[in-house]
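Student:
Pasting the structure below:
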């Protein structure tokens, strides 16, 4: 009898949440790392753009900043967005649509751990992505970022990846398992362009610049560019406010999708 | 009979043994216009293996999903260990093997089991889970390279790795070859000997017969029959005799061993639990009888006939 009841004692309710989250994140990371479609494209594309437009095109200046420096925060934002959107949306849509999430929900896994794992995994890719760009710039572009700037850049981009993780959850709850990558790109690529992540912002047509003010990618890239003196102005507070607002809207949409799923199933 | 005699289980749940440790109380479940379950009462008793038997679409999987708290009943109540099936306190005592479209393919077998084990307070050691599911040699393989039978075994391992008291196995042997199916049966019997309670769904009477203490037949969301394998088999041990005969259906109906007689165009279709006896009588009564066919009634048919009577 004691053996049967002991499970209800607090503390016997299972391993603690932190342990589960860590293990879940570890395997989420391994799972994604071994999936070349994800790992190669999130790490390689920003780096490839940097090599082509930053290194191969030769030394230029964008505003008052050398292109090899300017493009690190720009493609850093691009890479962070990619890691966050694909890291959350693609796997959520797949696991939701093809029954794996249901297997997990039938287990004692806290749903919280499931989402934390995806965010942590995306963040690891985000950090790797930024560091790869910085290394590439240092090795071949003559860019030497002081440690404090580098630290701020990584922190900004990783913290700023959260709204995109939230957006990924929103997409993941509404996209089908096969349509998810296409749907992500539908947001990802136009938003990157309009926010000045490919062509520097000042080269964009005026009306696109105005649209950009409503795009989270613009605000995150400005925060990152400000660190190297390449920003367009706008206060830190304003940029973070926009990002936070966007994150809340995305979470709201994700919540609606979650409720819709629960209703559809039960 | 294929099954070895089952050992008497010591009931590990004295409190619930009488009333059932998992119960559907007058549960109806509709998905929009589709009625998956209709006013179903069903109790799982501690220490038993009960097979939910029925054709595809009968509502077996819906019943399992209700027990797991994955869906809520439209009407009625579901209780597992006296609590809400969706509660974490309930989930740590339950293991489930569900039909799943796709499992993450880049994780290794051992990694999948290690992760699921971590959700439970008192899991089996990973190597033991691997051993039970016959996966020791495959532990370092990625899920994606496994055969469909091996994949089923991984899902079985995920169900048992938390050392749960109550197991739900939804069509556990789908896609397994004969040998793998027998091995899995063996492992399921061992779990039962350890005092686990098991609910499994299947559409094979043979499988239910080999494993279950009790068979519950459901069809179109309603309970058709509930009994021991011997009782259930007796009720479906019937054949259909189709023949062209001059005998009137009213006459045939009166013959011993005949359950039901139907006309099908020029032929007479006789439903019988003792086809040999009926045939002997038919030959004696009608020398012109021809076009004789004897077929086993399908499970579904047999039970539908049963409910009509």
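Residue numbers (our numbering), protein chains in the order written: chain H, 652 to 917; chain G, 849 to 1157.
Using N, Cα and C, we set each Cβ at its ideal position, and we do this for glycine too.
#1: Identify each residue in the region 748-762 of chain H for which the Cβ-Cβ distance to at least one residue of chain G is less than 9 Å, and report them in chain order.
#2: So, are the CB atoms of residue 1016 of chain G and residue 1065 of chain G less than 8 Å apart?
#3: To the nearest whole angstrom, what separates the beta carbons of residue 1045 of chain G and residue 912 of chain G, a pair I think is in contact under 8 Å?
#4: Would you call the region 864-871 of chain H and the region 749-761 of chain H in contact, with 3 or more CB pairs under 8 Å?
#5: Taking 8 Å as the CB-CB limit, is residue 678 of chain H close to chain G?
#6: Taking the beta strand (DSSP E) that residue 1080 of chain G falls in, what are its first and last residues?
#7: In the DSSP assignment, what are the bridge partners of residue 891 of chain G?
#8: As a quick exercise: from G/1114, G/1089, G/986 and G/915, pick the residue whose alpha carbon is nearest that of residue 877 of chain G.
#9: With burial defined as no fewer than 16 other Cβ atoms inside 10 Å of the residue's Cβ, what is the status of residue 707 of chain H: buried or exposed?
#10: Would the beta-carbon of residue 820 of chain H fall within 8 Å of that of residue 693 of chain H?
#11: On a CA-only basis, which of G/1067, G/1070, G/1076 and G/1068 is nearest residue 1059 of chain G? Give me that one, please.
#12: Going along the region 851-865 of chain H in order, which residues come within less than 7 Å of chain G, judged by CB to CB distance?
#13: Given 8 Å as the limit, is there contact between the region 1030-1038 of chain G and the region 928-935 of chain G, that is, 3 or more CB pairs closer than that?
#14: Counting only Cβ pairs nearer than 8 Å, list the residues of chain G close to residue 842 of chain H.
#15: Check the C-beta distance from residue 968 of chain G over to residue 1011 of chain G and give it rounded, since I have them as a contact under 8 Å.
#16: Is there at least one Cβ from chain G nearer than 8 Å to residue 745 of chain H's Cβ?
#17: If you scan the region 746-804 of chain H from start to end, which runs of the alpha helix (DSSP H) of 4 or more residues do you find wholly inside it?
#18: So is residue 660 of chain H in contact with chain G if we call contact Cβ pairs under 8 Å?
#19: Below 9 Å between beta carbons is the criterion; list the residues of the region 939-964 of chain G that meet it against any residue of chain H, in chain order.
#20: Would you mind listing the alpha helix (DSSP H) stretches within the region 934-1008 of chain G that are 4+ residues and don't spill past its ends, in chain order?
#21: Expressed to the nearest angstrom, what Euclidean distance is found between the alpha-carbon atoms of residue 729 of chain H and residue 719 of chain H?
#22: Going by DSSP, name the residue or residues bridged to residue 922 of chain G.
#23: Could you check what DSSP says for residue 1067 of chain G in three-state terms: helix, strand or coil?
#24: Kindly indicate which three-state DSSP category residue 1074 of chain G falls into: helix, strand or coil?
#25: Pull out every residue of the region 889-920 of chain G whose Cβ sits closer than 7 Å to any Cβ of chain H, in chain order.
#26: When you compare the CB positions of residue 851 of chain H and residue 940 of chain G, do they come within less than 8 Å of one another, or not?
#27: Sorted by chain position, which residues of the same chain lie with C-beta nearer than 6 Å to residue 818 of chain H's C-beta, five sequence neighbours on each side aside?
#28: Output yes if chain G places a C-beta closer than 8 Å to the C-beta of residue 911 of chain H; else output no.
#29: Provide the residue(s) that pair with residue 838 of chain G in DSSP beta bridges, ordered along the chain.
#30: Should residue 710 of chain H go down as buried or exposed, given a rule of 16 or more other Cβ atoms within 10 Å for buried?
#31: For chain G, is any of its Cβ atoms less than 8 Å away from the one on residue 686 of chain H?
#32: From this set, H/826, H/909 and H/804, which residue's C-alpha is nearest residue 880 of chain H's C-alpha?
#33: Could you name the residues of the same chain whose beta carbon sits closer than 8 Å to that of residue 821 of chain G, not counting the 5 residues immediately before and after it, in chain order?
#34: Which word fits residue 960 of chain G, buried or exposed, when buried means at least 16 other C-beta atoms lie within 10 angstroms of its C-beta?
#35: Once you ignore the five residues that flank residue 1028 of chain G on each side, which residues in its own chain have a CB closer than 7 Å to its CB?
#36: Name the DSSP beta bridge partners of residue 1138 of chain G, please?
Tutor: In short:
#1: 748, 749, 750, 751, 753, 754, 755, 756, 757, 758, 759, 760 and 761
#2: What you label residue 1016 of chain G is simply residue 168 of the second chain in a count that begins at 1. What you label residue 1065 of chain G is simply residue 217 of the second chain in a count that begins at 1. For residue 1016 of chain G and residue 1065 of chain G, no; Cβs fall outside 8 Å.
#3: In the second chain, counting from the first residue as 1, residue 1045 of chain G sits at position 197. In the second chain, counting from the first residue as 1, residue 912 of chain G sits at position 64. Between residue 912 of chain G and residue 1045 of chain G the Cβ distance is about 14 Å, and since that is not below 8 Å, they are no contact.
#4: no
#5: One-based indexing of the first chain puts residue 678 of chain H at position 27. Yes, contact with chain G.
#6: Within the second chain, residue 1080 of chain G is the residue found at index 232, counting from 1. Taken as a continuous stretch (DSSP letters only), residue 1080 of chain G belongs to no beta strand (DSSP E), being part of the alpha helix (DSSP H) at 1077-1084.
#7: Taking the first residue of the second chain as 1, we reach residue 891 of chain G at position 43. DSSP, once it has assigned bridges, lists G/871 as partnering residue 891 of chain G.
#8: Working through the second chain from its first residue, we reach residue 877 of chain G at position 29. Ranking G/1114, G/1089, G/986 and G/915 by Cα distance to residue 877 of chain G puts G/915 first.
#9: Position 56 of the first chain, counted from the start, is the residue given in the question as residue 707 of chain H. Exposed, because fewer than 16 other Cβ atoms sit within 10 Å of the Cβ of residue 707 of chain H.
#10: Locating residue 820 of chain H in the first chain gives position 169, where the first residue counts as 1. Locating residue 693 of chain H in the first chain gives position 42, where the first residue counts as 1. Result no, Cβ atoms of residue 820 of chain H and residue 693 of chain H do not sit closer than 8 Å.
#11: The residue given as residue 1059 of chain G occupies position 211 in the second chain. If we check each option's Cα against that of residue 1059 of chain G, G/1076 comes out closest.
#12: none
#13: no
#14: The residue you call residue 842 of chain H lines up with position 191 of the first chain. Result: empty, since nearest Cβ-Cβ is about 28 Å, beyond 8 Å.
#15: Position 120 of the second chain, counted from the first residue, corresponds to residue 968 of chain G. Position 163 of the second chain, counted from the first residue, corresponds to residue 1011 of chain G. Indeed they touch by this definition, with Cβ atoms about 7 Å apart.
#16: One-based indexing of the first chain puts residue 745 of chain H at position 94. Cβ-Cβ to chain G under 8 Å: yes for residue 745 of chain H.
#17: 751-757 and 762-791
#18: Along the first chain, one-based indexing puts residue 660 of chain H at 9. With a pLDDT of only 43 at residue 660 of chain H, under the threshold of 50, the placement of this residue in the model should not be trusted; the figure read from the coordinates follows. So, not an interface residue.
#19: 939, 940, 941, 942, 943, 944, 945, 946, 947, 948, 949, 950, 951, 952, 953, 954, 955, 956, 959, 960, 962, 963 and 964
#20: 936-939, 957-965, 974-980 and 996-1008
#21: Locating residue 729 of chain H in the first chain gives position 78, counting from the first residue. Locating residue 719 of chain H in the first chain gives position 68, counting from the first residue. So the alpha carbons of these two residues sit roughly 15 Å apart.
#22: What you label residue 922 of chain G is simply residue 74 of the second chain in a count that begins at 1. Residue 922 of chain G is not bridged to any residue.
#23: As a position in the second chain, residue 1067 of chain G is number 219, starting the count at 1. DSSP places residue 1067 of chain G in strand when its eight states are reduced to three.
#24: Stepping through the second chain from its first residue, residue 1074 of chain G is reached at position 226. The answer is strand: DSSP assigns residue 1074 of chain G an E or B state.
#25: 916, 918, 919 and 920
#26: Residue mapping note: residue 851 of chain H aligns to position 200 of the first chain, counting from 1. Residue mapping note: residue 940 of chain G aligns to position 92 of the second chain, counting from 1. No.
#27: Your numbering for residue 818 of chain H matches position 167 in the first chain. For residue 818 of chain H, where only same-chain residues beyond five positions count, the Cβ hits under 6 Å are 901.
#28: Walking along the first chain from the start, residue 911 of chain H turns up at place 260. No, because no Cβ of chain G sits closer than 8 Å to the Cβ of residue 911 of chain H.
#29: With chain G running from 849 to 1157 in the structure shown, residue 838 of chain G is simply not present.
#30: Translated into the one-based positions of the first chain, residue 710 of chain H becomes position 59. Exposed is the call here.
#31: Translated into positions along the first chain, residue 686 of chain H becomes position 35. Interface residue, yes.
#32: As a position in the first chain, residue 880 of chain H is number 229, starting the count at 1. The option with the nearest alpha carbon to residue 880 of chain H is H/804.
#33: Any property of residue 821 of chain G remains undetermined from this structure, which presents chain G solely from 849 to 1157.
#34: Translated into the one-based positions of the second chain, residue 960 of chain G becomes position 112. Classification of residue 960 of chain G: buried, given that the 10 Å Cβ count is 16 or more.
#35: Locating residue 1028 of chain G in the second chain gives position 180, where the first residue counts as 1. Cβ within range, chain order: 997.
#36: Within the second chain, residue 1138 of chain G is the residue found at index 290, counting from 1. Note: residue 1138 of chain G sits in a beta bridge opposite G/1092.
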